[in-house]
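> Numbered per UniProt numbering, the sequence shown spans residues 1 to 573.
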Amino acid sequence: MCAMERKIIDFDQGWDYMQKGITKLKKILEGAPETPFSSEEYMMLYTTIYNMCTQKPPNDFSQQLYDKYKDAFDEYIKITVLPSLREKHDEFMLRELVQRWLNHKVMVRWLSRFFHYLDRYFISRRSLPGLGAVGLTCFRESVYMEVRVNARKAVIALIDKEREGEQIDRSLLKNVLDIFVEIGMGEMGQYEQDFEVHMLEDTADYYKSKAANWIEIDSCPDYMLKAEDCLRRERDRVSHYLHCSTEQKLVEKVQLELLVTHANQLLEKENSGCHALLRDDKVEDLSRMYRLYHKIPKGLDPVANVFKQHITVEGTSLVQQAEEATSNQTTNGSGFQEQVLVRKFLELHDKYMVYVNDCFMNHTLFHKALKEAFEIFCNKTVAGSSSAELLSTFCDNILKKGGSEKLSDEAIEDTLEKVVKLLAYISDKDLFAEFYRKKLARRLLFDRSANDDHEKCILTKLKQQCGGQFTSKMEGMVVDLTLARDNQLKFEEYLRDNSHVNPGIDLTVTVLTTGFWPSYKSFDLNLPSEMIRCLEVFKGFYETRTKHRKLTWIYSLGTCHVTGCCPTAIQQC
């Protein structure tokens, strides 16, 4: 015997039953006394849809049910939702909107369950929008499109109130703005076009007005404190209720109105601008200035320009002071003021390197500004002396015995390091090399060098700064002296082994390589026969060591010690 066929459900009968379930859901959403759906009720509603969709044509009502699903939302929105929103305004309207959105999502969730069979088969086969998308679209087209302008205005008004110090319900704003985001169903277009662009315009207007007032009445430090606080508060708003994608755009608006537009006026304030902060050593304020401007494209350019101008003025003033002092000093003090100037240059460099490292976070722009400033005044002449000459003389005073710079070994190392850094700003480094080489020659040849290690130390630093070619001759001079000492020891050994050639005079000869040393004039001199004998003996010794080198005697660099011995009888007279 065949099983009984399933009873056909006509559309009106089935929809009447579904309508009862939908009505109950609406009552629950409106807060009317109503018992929750039992599992049996849910299954009956689901089964009704299932049966109406699985009946054979012409009783397959899938398309009609899909249309009725949308109609259920449209009817609820038209009769209940829109009237409730239209009768409320401002913050009260926002609260109603949030509640209606929450109710709508609950309704979508429950009706999607009742009509789930449509989602599984009919909708997928026809490539139609899913039930969830249909439900959200109904709200967007009928509710959101009507209230979005008023909602946006109400939200922006609350934001401005908060900016003025009033307490607002941040959670309400978060919930409202979530609607702008969620209504886009994965896209940010609705949020950006319907809210964000208008909020950013309002932000620009708000801070434009504030900046115009603050820039007139506040000092630079006070203005920066306010700007920093505003930026912090705007970022705080993003973290509490604005979408995270808004942060960069919002910050840029605030930066533009508070910092970029008024940059020159702020930095050049007469008694509190960047010049004054540098003059008064306002480290904290300068650090704040860097923090505010470094994230703005080219924001640090005007700060670096002021930094450069300030250093240039201070350095040029030092040069002028040295010029005036030099013209007034006595002959005995010749050169003293120039050496003081170099010391002041070093101190000035130390001072502003602290700003570069600590306040400006070692930023390359401020290194460049410092370099360009020092290049301006470090290449000026003082009392007819170039900076290259002054710097080489300063080094000579440090490195020679009895120099005017009395420093410990550690202080000498540190000062030499700073001198080499200062050399980087000298345009004619080759001129410095020539002056330095001449003074180095005198220290080496006349045993005036205070410490061989210090001589090698500065050459190493110069090599690192200027390259091996720059120091090759100087290094050759130092090596020459070492070889000359060895050569002298061998000469003395030669005399001991060949006593018959000993001239009877103590002779010390320093053999130098012509290419390394400064040029010295060579001229003929009528030497005593005893001296001629000495030179011939050394020449004979030297030829035993090399056959291809010619000795040229530089008499002007030689010294002669004459010792007189008086007879005892004369001493007693």
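Just so it is clear, CB atoms sit at the ideal spot from N, CA and C, and this is done for glycine as well.
From HIS198, GLU323, ASN103 and SER124, pick the residue whose C-alpha is nearest to that of THR381; which is it?
Looking at HIS198, GLU323, ASN103 and SER124, the one whose alpha-carbon comes closest to that of THR381 is GLU323.
> Hey, quick one: how far does the alpha helix (DSSP H) through LEU346 stretch, first residue to last?
Counting along the chain, the alpha helix (DSSP H) containing LEU346 begins and ends at 336–354.
> Which of the three DSSP states, helix, strand or coil, is assigned to VAL283?
helix
> Taking 8 Å as the limit between beta carbons, can you name the residues of its chain near ALA204, skipping five residues before and five after?
Contacts found: LYS253, LEU256 and GLU257.
> Go ahead and pull the three-state DSSP assignment for LYS400.
strand
> On a CA-only basis, which of LYS521, GLY515, ASN498 and THR552 is nearest ARG544? Give me that one, please.
The identity of residue 544 in the sequence shown is Thr, whereas the question assumes Arg. With distances taken between Cα atoms, THR544 lies closest to ASN498.
> Look at the Cβ atom of THR326, then the Cβ atom of ALA263, and state whether they are nearer than 7 Å.
No, these two residues do not count as a Cβ contact at 7 Å.
> Which two residues bound the contiguous alpha helix (DSSP H) that contains SER272?
Looking at the DSSP string, SER272 is not in any alpha helix (DSSP H), and its letter there is neither H nor E.
> Hey, could you find the ends of the alpha helix (DSSP H) VAL313 is sitting in?
301–328
> For a test of the three-state rule: what should DSSP assign to SER38, helix, strand or coil?
coil
> Who are the Cβ neighbours of LEU286 in its own chain at under 6 Å, not counting the five residues just before and after it?
Here the set comprises LEU277 and CYS359.
> Which residues in the same chain as MET552 place their Cβ atom closer than 8 Å to its Cβ, once the five residues preceding and following it in sequence are excluded?
One detail in the question is off: residue 552 reads as Thr in this sequence, not Met. Answer for THR552: THR514 and SER522, listed in chain order.
> So, is PHE11 buried or exposed, given that buried needs 16 or more other C-beta atoms within 10 angstroms?
exposed
> DSSP state of SER219, grouped into three classes?
SER219 carries a coil assignment under DSSP once its states are collapsed to helix, strand and coil.
> Out of curiosity, what's the CA-to-CA distance linking CYS378 and LEU431?
14 Å
> Per DSSP, which residues does SER385 bridge with? Please list them.
The secondary-structure analysis by DSSP pairs SER385 across a beta bridge with VAL382.
> Exposed or buried, what is VAL134 when buried is set at 16 or more other beta-carbons lying within 10 Å of its beta-carbon?
buried
> If you reduce the DSSP assignment to three classes, tell me which class SER529 lands in.
helix
> Counting beta carbon pairs with one atom in the stretch 127–146 and one in the stretch 159–172, are three or more of them shorter than 8 Å?
no
> Shortest alpha-carbon distance to SER272 belongs to which of ASN305, HIS104, PRO297 and PRO221?
Nearest option by C-alpha distance: PRO221.
> Please identify the residue among PHE366, GLY558, VAL501 and LEU423 whose C-alpha is closest to the C-alpha of ASP447.
GLY558
> State the Cα-Cα distance for the pair LYS439 and LEU341, rounded to the nearest angstrom.
Those two C-alpha atoms are separated by around 20 Å.
> Specify the secondary structure class of SER449 as computed by DSSP and reduced to three states.
Assignment of SER449 by DSSP, reduced to helix, strand and coil, places it in the strand class.
> Would you say the stretch 159–166 touches the stretch 86–102, given that touching needs at least three Cβ pairs under 8 Å?
no
> Going along the chain, which residues of its own chain have a beta-carbon closer than 6 Å to the beta-carbon of ASP202, five neighbours each way excluded?
ILE156
> One question on the structure: do LEU399 and HIS454 come within less than 7 Å of each other, judged by their Cβ atoms?
Taking 7 Å as the Cβ cut-off, LEU399 and HIS454 qualify as a contacting pair.
> Once the 5 residues before and after SER219 are set aside, which same chain residues still bring their CB inside 6 Å of it?
SER272
> How is SER522 classed by DSSP in three states: helix, strand or coil?
coil
> Go through its chain and collect everything with a Cβ distance to ALA211's Cβ below 7 Å, but skip five positions before and after it.
GLU257, LEU258, THR261 and HIS262
> Do you know how far the Cα of ARG279 is from the Cα of GLN321?
Those two C-alpha atoms are separated by around 18 Å.
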